[in-house]
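Residue numbering for the first sequence is 212 to 403, as defined by my numbering. All C-beta atoms in this analysis are idealised placements derived from N, C-alpha and C, irrespective of residue type, glycine included. Please read the structure below before turning to the comments.
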Amino acid sequence: MEIQSLPLPSSFYQRNTVIVAQDLLGKCIVRQWNSTVLTGIITETEAYTGDDDPACHAYRGITPRTTPMFGPVGHTYMYFIYGNHYCLNLVARDDNQKAGAVLIRSITPLIGKELMQTLRGNVKDKHLTDGPGKLCQALGLSREHNNSNATTIGSLYITEGITVHKNDIIQTPRIGISKAQDRLWRFVLHNQ
DNA sequence: GGTAAGATGACCT
DNA sequence: GGTCATCTTACCG
């Protein structure tokens, strides 16, 4: 598999959050850590569209925590949840939205799997990066990576990955939320 | 200053 | 597939 090394431009994220969530499937996430690099293919995402989405952190408006979702597109929004876990989001929205972000829920490890296993405490393959908190741990991501620019080469960015066919995308309600479950804004890539 | 709920994961069966 | 540890955030006084 050939992976392009240039980050996706901010114009990729300057579109409706739901569209960007689908298009992020199959893209490659690149984590540069000093001289090492970790990469993986995005296989599961969720869209959170902002002030019209009761399940979105930004629904009630801007707060210290949700500030990144109102900021430049293509930046990260990381938050801490349930006492233990970090989750990685990419800010994406069009001109009609005040806020919005895409939660990265799962990746398939590509490069640096051994280090990911070490960071994860040597859990079994299947559970290495199959959850939003797990992939942050596997990539060594935490609060310090909040609101960083993912459209330029740096410690974290997204590049073109593999070709995805629409037939390979499954749509479901989002996980772990009680509101707006009629919106099928979780996207899963199968055959991965 | 107190409280309730939560975009979860590990472990067990 | 179910249980539970764990603590930040936001909201209400």
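Just checking my contact of residue i with residue j at CB under 8 Å: how many whole Å lie between their CB atoms?
i	j	result
Leu299	Leu346	7 Å
Met289	Leu350	About 11 Å separates the two Cβ atoms, so there is no contact after all.
Thr340	Ile252	Not quite, the Cβ-Cβ distance comes to about 10 Å (not below 8 Å), so this is no contact.
Pro218	Ile364	6 Å
His268	Thr277	5 Å
His401	Ile381	6 Å
Val302	Met327	Wrong, their Cβ atoms sit about 25 Å apart, outside the cutoff.
Buried or exposed: residue i, going by 16 or more other Cβ atoms within 10 Å of its Cβ?
i	result
Ile325	Note that residue 325 is Glu in the sequence shown here, rather than Ile. Under this definition Glu325 is an exposed residue.
Asn357	buried
Glu255	buried
What is the DSSP secondary structure of residue i, counted as helix, strand or coil?
i	result
Ile230	helix
Asn295	coil
His356	helix
Ala258	strand
Gln243	strand
Gln348	helix
Complete runs of the beta strand (DSSP E) confined to the segment 270–345 [at least 3 residues]: The qualifying runs are 287–292, 296–302, 312–322.
Validate contact between the segment 237–248 and the segment 259–273 using beta carbons, cut 8 Å, 3 pairs: In short, these stretches do not touch, since the Cβ pair count stays below three.
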